[in-house]
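S.K.: Line order of the protein sequences matches chains A and B. In our numbering, each residue's number is its place in the first sequence (first place is 1) plus 17. In our numbering, each residue's number is its place in the second sequence (first place is 1) plus 17. Note that the Cβ used here is the ideal one computed from N, Cα and C, for glycine as well. All of these numbers come straight from a predicted model, not from anything done at the bench. Quick one: this structure, given as structure tokens, is what I'll be asking you about.
There are 2 protein chains.
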Amino acid sequence: MNDSFLRACRREPADRIPVWFMRQAGRCLPEYRAVRAEHEMFDVMHSAELTALVTQQPVKRFGVDAAVIFSDIVAPLQAAGVDVKLVAEVGPVFANPIRTSADVAALPRLADPSSSMAGLLGGIAQVAEADEVPVIGFCGGPFTLASYLVEGGPSRDYAKTKALMHGSPDVWDALMDVLADITTTSLLAQIDAGASAVQIFDSWVGALDPDTYRRYALPATASVLQAVASRGVPRIVFGVSTGELLTLFAEAGADVVGVDWRVPLDLARARLGPNVAVQGNLDPAICLAGWPAVEAGARRVLDAAGSAPGHVFNLGWGVLPSTDPEVLTQLVDWVHRQPPPTDAP
Amino acid sequence: MNDSFLRACRREPADRIPVWFMRQAGRCLPEYRAVRAEHEMFDVMHSAELTALVTQQPVKRFGVDAAVIFSDIVAPLQAAGVDVKLVAEVGPVFANPIRTSADVAALPRLADPSSSMAGLLGGIAQVAEADEVPVIGFCGGPFTLASYLVEGGPSRDYAKTKALMHGSPDVWDALMDVLADITTTSLLAQIDAGASAVQIFDSWVGALDPDTYRRYALPATASVLQAVASRGVPRIVFGVSTGELLTLFAEAGADVVGVDWRVPLDLARARLGPNVAVQGNLDPAICLAGWPAVEAGARRVLDAAGSAPGHVFNLGWGVLPSTDPEVLTQLVDWVHRQPPPTDAP
Numbered sequence: 018m019n020d021s022f023l024r025a026c027r028r029e030p031a032d033r034i035p036v037w038f039m040r041q042a043g044r045c046l047p048e049y050r051a052v053r054a055e056h057e058m059f060d061v062m063h064s065a066e067l068t069a070l071v072t073q074q075p076v077k078r079f080g081v082d083a084a085v086i087f088s089d090i091v092a093p094l095q096a097a098g099v100d101v102k103l104v105a106e107v108g109p110v111f112a113n114p115i116r117t118s119a120d121v122a123a124l125p126r127l128a129d130p131s132s133s134m135a136g137l138l139g140g141i142a143q144v145a146e147a148d149e150v151p152v153i154g155f156c157g158g159p160f161t162l163a164s165y166l167v168e169g170g171p172s173r174d175y176a177k178t179k180a181l182m183h184g185s186p187d188v189w190d191a192l193m194d195v196l197a198d199i200t201t202t203s204l205l206a207q208i209d210a211g212a213s214a215v216q217i218f219d220s221w222v223g224a225l226d227p228d229t230y231r232r233y234a235l236p237a238t239a240s241v242l243q244a245v246a247s248r249g250v251p252r253i254v255f256g257v258s259t260g261e262l263l264t265l266f267a268e269a270g271a272d273v274v275g276v277d278w279r280v281p282l283d284l285a286r287a288r289l290g291p292n293v294a295v296q297g298n299l300d301p302a303i304c305l306a307g308w309p310a311v312e313a314g315a316r317r318v319l320d321a322a323g324s325a326p327g328h329v330f331n332l333g334w335g336v337l338p339s340t341d342p343e344v345l346t347q348l349v350d351w352v353h354r355q356p357p358p359t360d361a362p
Numbered sequence: 018m019n020d021s022f023l024r025a026c027r028r029e030p031a032d033r034i035p036v037w038f039m040r041q042a043g044r045c046l047p048e049y050r051a052v053r054a055e056h057e058m059f060d061v062m063h064s065a066e067l068t069a070l071v072t073q074q075p076v077k078r079f080g081v082d083a084a085v086i087f088s089d090i091v092a093p094l095q096a097a098g099v100d101v102k103l104v105a106e107v108g109p110v111f112a113n114p115i116r117t118s119a120d121v122a123a124l125p126r127l128a129d130p131s132s133s134m135a136g137l138l139g140g141i142a143q144v145a146e147a148d149e150v151p152v153i154g155f156c157g158g159p160f161t162l163a164s165y166l167v168e169g170g171p172s173r174d175y176a177k178t179k180a181l182m183h184g185s186p187d188v189w190d191a192l193m194d195v196l197a198d199i200t201t202t203s204l205l206a207q208i209d210a211g212a213s214a215v216q217i218f219d220s221w222v223g224a225l226d227p228d229t230y231r232r233y234a235l236p237a238t239a240s241v242l243q244a245v246a247s248r249g250v251p252r253i254v255f256g257v258s259t260g261e262l263l264t265l266f267a268e269a270g271a272d273v274v275g276v277d278w279r280v281p282l283d284l285a286r287a288r289l290g291p292n293v294a295v296q297g298n299l300d301p302a303i304c305l306a307g308w309p310a311v312e313a314g315a316r317r318v319l320d321a322a323g324s325a326p327g328h329v330f331n332l333g334w335g336v337l338p339s340t341d342p343e344v345l346t347q348l349v350d351w352v353h354r355q356p357p358p359t360d361a362p
């Protein structure tokens, strides 16, 4: 198996700089759209065969060094029995927003993932058995999931979420406990099914200042990371607009910190120190600007990443749907042709 | 006139910590909603009397130390003749998005602000004549205005904007030249009408990484700041998610750097050094969480701001519409009762 991704996660030298893309499965791929023309999102997620198929499409097309499983960050909530719909152009919409301690107490747990997440876990097993590249399992971060549950869906300002957090910390803490539990169950099941690494997408946690993160989001995140530590797989944490939270991700237990495009990797590494790997961070919008701009941007990323091992090349956020797949193929090939870092970390 | 705001902008000791709130005029105030029940947004903006009335409402109610003029960041574009509508729950929507050099060449300039911006300028003059607190004039930042024009309205990912910027830098640079020109004309007219300070709301420029900001946004911003420098009024620059851009705002010429709630002010000051004042940065969502949370948050802001002069207390972004005005009144009073910084800067 191509182990360049896992080696970089462990800050070990590798024979090339590994690449994968957040949201590489789906979105911009015509072969994915062909699948989706016949199957709803949740139908794909509930089928091991379709999950494996869609997960492997970008590996085949782009030549990336890891296969992130095709799923959604709210999948464990749906599997637990929470009433959620994925609405096109909107995102996840929850029928019953969580605002009180009674709401939290009534939340279901993820009791039997082998049954309720059979599609996801079976998909992981199939891709892992192919033994070409490592499979990355994932889940939403506790704050991000909580924000969806409290707001009832996506939000611009997280006003209700933060009002609950700061105004009713007991309710908030109870909600985070439930979400840490669901998330842990999901990640352990994914690892046991064959995931060689896991990523917590705490996509929207960058809405918090560091003090607030430390008090209201770090404990649940650390609990999840700690609970999966014994499995020995690299644990990645990522969210957008998290420049001031990067060190807290490491403090929570991340082995690899995902960095959005706003923070140059030399700055990120200076903040994080040598004991954490970094992942990122080309602005996905640059991929719409033609190859010369893409190459120049990728060059800046590698220059900033420096010469120590422990860099996984990625975009700074998910692939944009209007991206030309050919550009991503060219980008992977270009990164693979660059000399890998060889310095001692 | 109460000069505590201007003294803090100039990093001089003052007898109290000055406070104002972004979006203090409008939004959460019932007396503003009463005005808007009878007048459309642009009707208020086109009337000097209504502009002055709405601008002074929060000064009277909250006791803030500065009066930010009631307007919209796209007002200069509308005054120049660009076809823009302010759509409730959406934002500014432009009939003719700008994508080509021909589009840019066809953009109008702000030829006669004394006529086309008579409401805004008359409103500034009326509030300035009252001589109670300084008037803050403002405009949108060049990047932010460009993003609205290119996308045709608000955007999540600025994909078209960034594709134009990175893919057609000549078109982008020409667009930024036009916007710097319009913005400069607007700010000079506002200062000449009586504004004692100006703020560039480059609200969405935090979507750029530092290298990209330096190449594609800083030059136009610096040009605007330089063009108004001779008037001698403090120049504030602000945008959300701009932790990695703060030093570039100062490099562009800002006298005061607005900091969103993500970056603690001690970190912001460490990055900026002693020759720039800072403004901010309580998370506006905390104002929805009850007074104890507000006081604790405000205390953290002041502790981080430290003991050197040069801090203007503000929220880290605009007042949320669901904020209870009484909380803001209480917050201003609380800040005013704290000992002001007295150390040499």
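1) Would you say F22(A) and P151(A) are within 7 Å of each other, going by their C-beta atoms?
2) Specify the secondary structure class of H183(A) as computed by DSSP and reduced to three states.
3) Just grab the DSSP bridge partners of R317(A) for me.
4) Would a C-beta distance cut-off of 7 Å place L319(A) and Q355(A) closer than the cut-off?
5) Determine the burial state of L345(B): buried for a count of at least 16 other Cβ atoms within 10 Å of its Cβ, exposed for fewer.
6) Use the C-beta contact count for G136(B): other C-beta atoms within 10 angstroms, 16 or more gives buried, fewer gives exposed.
7) Given this structure, state the Cα-to-Cα distance separating G327(B) from P35(B), to the nearest angstrom.
8) Taking only beta carbons into account, state which residues of the region 150-184 of chain B come closer than 7 Å to chain A, listed in chain order.
9) What residue from S339(B), G170(B), G139(B) has the CA that sits closest to H63(B)'s CA?
10) Check the Cβ of R279(B) against every Cβ in chain A and list those closer than 9 Å, keeping chain order.
11) Just to confirm my understanding: we take G157(A), look at its own chain, exclude 5 residues before and 5 after, and list those with CB closer than 6 Å. What are they?
12) Run through chain B and tell me which residues come within less than 8 Å of R317(A), C-beta to C-beta.
13) Starting from I86(B), follow its DSSP beta bridges and name the residues at the other end.
14) Verify the CB distance criterion: does G307(B) have a CB-CB separation below 7 Å to chain A?
15) Would R44(B) pass as a contact of V336(B) if the rule is Cβ separation under 7 Å?
16) Which value, in whole angstroms, describes the spacing of the CA atoms of D350(A) and T340(A)?
17) From the beta carbon of I90(B), is the nearest beta carbon of chain A less than 7 Å away?
18) Short of 8 Å Cβ to Cβ, which residues in the region 20-33 of chain B face chain A?
19) With 7 Å as the C-beta to C-beta threshold (strictly closer), list the residues of the region 318-347 of chain B near chain A in chain order.
20) Can you give me the Cβ contacts of A69(A) inside the same chain, cut-off strictly under 6 Å, excluding the 5 residues immediately before and after it?
21) Any idea if N292(B) is buried or exposed, counting beta-carbon neighbours within 10 angstroms, 16 or more meaning buried?
22) To the nearest angstrom, how far is the alpha carbon of G290(A) from that of A325(A)?
23) For the alpha helix (DSSP H) that contains G130(B), what are its first and last residues?
24) Just to confirm my understanding: we take T202(B), look at its own chain, exclude 5 residues before and 5 after, and list those with CB closer than 7 Å. What are they?
25) Count the other CB atoms, across all protein chains shown, that sit within 10 Å of the CB of R24(A); report buried if there are 16 or more and exposed otherwise.
26) What does DSSP give as the partner residues of K102(B) in its beta bridges?
27) Can you tell me the Cβ-Cβ gap for A197(B) and V241(B), rounded? I've got them flagged as a contact below 8 Å.
28) Taking DSSP's pairing of strands, which residues face L332(A) in a bridge?
29) Which partner residues of A294(B) appear in the DSSP bridge assignment?
30) Kindly say whether I199(A), judged by its beta-carbon, lies nearer than 7 Å to any beta-carbon of chain B.
31) Can V254(B) and A239(B) be called in contact, C-beta distance under 7 Å?
32) By how many angstroms is the C-alpha of V276(A) removed from the C-alpha of A31(A)?
33) What does the alpha-carbon distance come out to for the pair T79(B) and Q347(B)?
34) Got a sec: which bits of the region 287-305 of chain A sit with their beta carbon under 7 Å from any beta carbon on chain B, in order along the chain?
35) Between the Cα of V322(A) and the Cα atoms of V311(A), A306(A), A287(A), which residue gives the shortest distance?
36) Run through the region 232-256 of chain A for me and flag every whole alpha helix (DSSP H) of 4 or more residues, listed as ranges in chain order.
M.R.: A quick look at the data gives this:
1) The answer is yes: Cβ separation under 7 Å.
2) Judged by DSSP in its simplified three-state form, H183(A) adopts helix.
3) Its beta-bridge partners do not exist; DSSP assigns none.
4) Q355(A) is positioned such that its CB atom lies closer than 7 Å to that of L319(A).
5) With at least 16 other beta carbons inside 10 angstroms of its own, L345(B) counts as buried.
6) Buried is the call here.
7) Cα to Cα, the separation comes out at about 10 Å.
8) For the region 150-184 of chain B, which is checked against every Cβ of chain A, the residues closer than 7 Å are D174, Y175, A176, K179, A180, H183, G184.
9) Ranked by Cα distance from H63(B), the first of S339(B), G170(B), G139(B) is G139(B).
10) Residues of chain A passing the Cβ test: G223, A224, L225, D226, P227, S258, T259, G260, E261, L262.
11) For G157(A), where only same-chain residues beyond five positions count, the Cβ hits under 6 Å are I90, F218.
12) Within 8 Å Cβ-Cβ: D228.
13) DSSP links I86(B) through a beta bridge to no other residue.
14) Output row for G307(B): interface = yes.
15) Yes. Within cutoff.
16) Answer to the nearest angstrom: the Cα atoms are 17 Å apart.
17) Chain A contact via Cβ: absent.
18) For the region 20-33 of chain B, the beta-carbon criterion of a distance under 8 Å to any beta-carbon of chain A is satisfied by none of its residues.
19) Of all residues in the region 318-347 of chain B, the ones placed with a Cβ closer than 7 Å to any Cβ belonging to chain A are L337, S339, in chain order.
20) Answer for A69(A): G140, Q143, V144, listed in chain order.
21) Label assigned to N292(B): exposed.
22) C-alpha separation (whole angstroms): 11 Å.
23) As written in the sequence, residue 130(B) is Pro, which differs from the Gly given in the question. It spans 130-133 - the alpha helix (DSSP H) in which P130(B) sits, taken as one unbroken run.
24) Counting only residues of its own chain and dropping the five nearest sequence neighbours on each side, T202(B) has a CB closer than 7 Å to the CB of L127, P130.
25) Result: buried.
26) Note: K102(B) sits in a beta bridge opposite V110(B).
27) That belief holds up - the Cβ atoms of A197(B) and V241(B) are roughly 5 Å apart, short of 8 Å.
28) L299(A).
29) Looking at the DSSP assignment, A294(B) forms a beta bridge with V273(B).
30) Under the Cβ criterion of 7 Å, I199(A) is not counted among the residues facing chain B.
31) Cβ atoms of V254(B) and A239(B): not closer than 7 Å.
32) Per the coordinates, the alpha-carbon of A31(A) lies some 21 Å from the alpha-carbon of V276(A).
33) Note on residue identity: the sequence assigns Phe, not Thr, to residue 79(B). Cα to Cα, the separation comes out at about 8 Å.
34) Residues of the region 287-305 of chain A with a C-beta less than 7 Å from any C-beta of chain B: D300, A302, I303, L305, listed in chain order.
35) Checking the sequence shown, residue 322(A) turns out to be Ala, not Val. Out of V311(A), A306(A), A287(A), A287(A) has the C-alpha closest to the C-alpha of A322(A).
36) Those alpha helix (DSSP H) runs which fall completely within the region 232-256 of chain A and span 4+ residues are 235-246.
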